[in-house]
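S.K.:
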Amino acid sequence: MKKMQGLQKLASGGFAALLALGLASGAHASDVAGQVSLPRRGAARDAVIMLEGGPKSSPLAKAMVDQRDKAFVPHVTVVTQGTTVEFPNNDTVFHNVFAYFNAKKFDLGVYPRGASKRQTFDKPGVVALLCNVHSEMSAYIVVVDTPYTAITDSRGHFLLRGVPPGTYTLHVWHESGAQLTQSYTVPPGASEVVLTLARK
Amino acid sequence: MRFSLRTRILLLIAGTLTGLAALIVVAITLLARQEMNRTVRADVRATGGVLAQFLRDRSDSLQNQSRQIARQPVLKGYIQDTDRATLKDLADDYRQALRADGVALTDRDGRLLGETGVDPENAAPSDRAGEPGVAAAMSGTAWSGVEARGGALTLSISVPITIGPEVWGTLTAYSAINDDLAHSLKTALASGSDVAFVSGGRVEGASLPLPPRLSAPRAAPRLVTIEGAQYFALYAPLPGAAPASGMGFIVLRP
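Residue numbers (this note's numbering), protein chains in the order written: chain X, 25 to 224; chain P, 66 to 319.
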């Protein structure tokens, strides 16, 4: 399900941007596969991998964080700067979406099932979503200004597709607070990388 | 000099009686001291038991209420925002709700974000990660214990503030172990003994007026004179405090 949503996101915005950029530069795009782990915890699920230093991204045409079964779905979403995210309430109860974190502060108010609200994210950073009705609900939106991003699966695996060879700054964010920033050179052809995050 | 037989007999009787009287006095003194030792030790045991119950009840109550507060979405939201003036106001509100003497909020790395009594405009950055409660809460575990905080003895509790499965901050609440608790303890015990709380020999709270410093032995009660009155005094570590910490209580038996 999560994989499908990730693919949908790529297909909707990121892929078009990647294709256009790849064709424009004439570079042969590479795939970067990898695995992310956390110290003492093993595979890092829902870690966000970003390669920065390349072309800027365009806003995604569509992005959504659903509310059902008293949970935000998916738990972590990556959107490009300027993207408007839809927050439908597909649950059986009222919900609220608010965030005070650095990239965006907003409060969509409490709204009933069947209703939907939207919010545009115009600044890169991390937005922690909360519901003031249900304290157990939480999710994250990571706003990026690069088209080269991926989210790890439950085994910590990720795949960055169509990255032009070159040197980038690789950032990895995880909700635990563990992170990583390093320089990374994407070689021509496929490559693999193993990353271990650390607390600051 | 020679004594008559009669005189010798009388002297023998007198000596024997004197010896017996002395023995009886010594025996009575020893028994009285033993009884006082026993009574003061019993007082210490009873005081320790009631105090442990007091602290356990207060700790449970503080921890349960603090857990509820830590679940509030508004706190989860503001703990990330790190607006110090707002977080200080939140800490003040929580202190009132908890009927505690202080509340401190930190981020997930143990950096102080807001604390009652600390001016957010002029507060220097404060790293609380070394405090046992904050360290435990940072690792996702609730903690309670007795500790010296800002020169005062406190019962402290710390709980993690989590978003999903991850810790994003900590909440610490503390109640002073002071004169009020000593008076409550004395009333509850109804033994007539007074109680003093000490940290490193310094008096932090007592059910009677005391000098700033007071020491008492751990092994056996000792007679001490305070403001002209005599008490048998015996020390014991506070329940939940390490014996070497110097945090304890003294029972003063008039």
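In this text, a Cβ means the ideal position worked out from N, Cα and C, and glycines have one as well. Note that the structure is predicted; figures quoted are calculated from it, not measured.
#1: Excluding the 5 residues flanking K251 (chain P) on each side, which residues of the same chain have their C-beta closer than 7 angstroms to its C-beta?
#2: Closer than 8 angstroms is the cut-off here; do at least three beta carbon pairs connect the region 215–224 of chain X with the region 76–84 of chain X?
#3: With 16 other CB atoms within 10 Å as the buried threshold, where does A35 (chain X) fall?
#4: Please list the residues of the region 192–207 of chain P that have a C-beta atom closer than 8 angstroms to any C-beta atom in chain X, keeping them in chain order.
#5: If you check the beta carbons only, do A194 (chain P) and P225 (chain P) fall under 8 angstroms apart?
#6: Output needed in chain order: residues of the region 47–75 of chain X with a Cβ under 7 angstroms from some Cβ in chain P.
#7: Taking Cβ-Cβ distances shorter than 8 angstroms, what residues in chain P pair up with Y124 (chain X)?
#8: Taking the C-alpha atoms as reference points, what is the distance between Q130 (chain P) and G142 (chain P)?
#9: Please state whether the Cβ-Cβ distance between Q59 (chain X) and G138 (chain X) is less than 8 angstroms.
#10: Report back the beta-carbon spacing between P319 (chain P) and L299 (chain P) to the nearest angstrom; my notes put them in contact at under 8 angstroms.
#11: Can you tell which of P:A162, P:Q145, P:A169, P:L218 has its C-alpha closest to the C-alpha of K129 (chain X)?
#12: Out of curiosity, what's the CA-to-CA distance linking S178 (chain X) and G215 (chain P)?
#13: Out of P:L220, P:R73, P:S221, P:K153, which has the shortest C-alpha to C-alpha gap to A188 (chain P)?
#14: According to DSSP, is N129 (chain P) part of a helix, a strand, or is it coil?
#15: Just to confirm before moving on: does the CB-CB distance between V89 (chain X) and V117 (chain X) stay below 8 angstroms?
#16: Using a C-beta cutoff of 8 angstroms, does G175 (chain P) count as contacting chain X?
#17: By alpha-carbon positions, which one of P:L254, P:S221, P:F297, P:A79 ends up nearest to L163 (chain P)?
#18: Considering only their Cβ atoms, is the gap separating F96 (chain X) from A163 (chain X) smaller than 8 angstroms?
#19: Give me the subset of the region 119–140 of chain P whose CB atoms are less than 8 angstroms from a CB atom of chain X, sorted by chain position.
#20: When the Cβ atoms of the region 85–105 of chain P are set against those of the region 238–252 of chain P, are three or more pairs found closer than 8 angstroms?
#21: When you compare the region 167–177 of chain P with the region 228–240 of chain P, are there three or more beta-carbon pairs, one atom per stretch, that lie closer than 8 angstroms?
#22: So is Q206 (chain X) buried or exposed if we call it buried at 16+ other beta carbons inside 10 Å?
#23: Could you spell out where the beta strand (DSSP E) holding M312 (chain P) opens and where it closes?
#24: Just to make sure I have the definition right: I need the residues of chain P whose C-beta is within less than 7 angstroms of the C-beta of A200 (chain X). Which are they?
#25: How long is the line joining the alpha carbons of R73 (chain P) and T83 (chain P), rounded to whole angstroms?
#26: Should A222 (chain X) go down as buried or exposed, given a rule of 16 or more other Cβ atoms within 10 Å for buried?
#27: Quick check on V121 (chain X) - is its C-beta less than 8 angstroms from some C-beta in chain P?
#28: Where do the ends of the alpha helix (DSSP H) carrying I222 (chain P) lie?
#29: Quick one, are the C-beta atoms of D55 (chain X) and R185 (chain X) less than 8 angstroms apart?
#30: Per DSSP, S264 (chain P) forms a beta bridge with which residues?
#31: Between the beta-carbon of M102 (chain X) and the beta-carbon of T173 (chain X), is there less than 8 angstroms?
#32: Work out the CA separation of P188 (chain X) and V199 (chain P) for me, nearest whole Å.
#33: From L218 (chain P) to R110 (chain P), what does the alpha carbon distance come to, in whole angstroms?
#34: For H119 (chain X), count the other beta carbons within 10 Å of its own beta carbon; 16 or more makes it buried, fewer makes it exposed. Which is it?
#35: Quick one: using the 10 Å Cβ neighbour count with 16 as the cut-off for buried, is I78 (chain P) buried or exposed?
#36: For my contact list, V211 (chain P) and L303 (chain P) are in at a C-beta cut-off of 8 angstroms; report their separation, rounded to the angstrom.
M.R.: Working from what's here:
#1: D259, V260, S272
#2: no
#3: Low confidence applies here, because A35 (chain X) scores a pLDDT of 40, under 50, leaving its location unreliable; read the following figure in that light. Exposed, by the Cβ-count rule.
#4: none
#5: no
#6: none
#7: G142, Y143, Q145, D146
#8: 19 angstroms
#9: no
#10: With 8 angstroms as the limit, P319 (chain P) and L299 (chain P) do not qualify as a contact, their Cβ atoms being about 13 angstroms apart.
#11: P:Q145
#12: 45 angstroms
#13: P:K153
#14: helix
#15: no
#16: no
#17: P:S221
#18: yes
#19: R136, Q137, P138, V139
#20: no
#21: yes
#22: exposed
#23: 312–318
#24: One detail in the question is off: residue 200 (chain X) reads as Ser in this sequence, not Ala. Those are E231, listed as they occur along chain P.
#25: 15 angstroms
#26: exposed
#27: no
#28: No alpha helix (DSSP H) holds I222 (chain P); the beta strand (DSSP E) holding it covers 217–228.
#29: yes
#30: P:R267, P:M312
#31: Checking the displayed sequence, the identity of residue 102 (chain X) turns out to be Val instead of Met. Closer than 8 angstroms, so yes.
#32: 46 angstroms
#33: 21 angstroms
#34: buried
#35: exposed
#36: 5 angstroms
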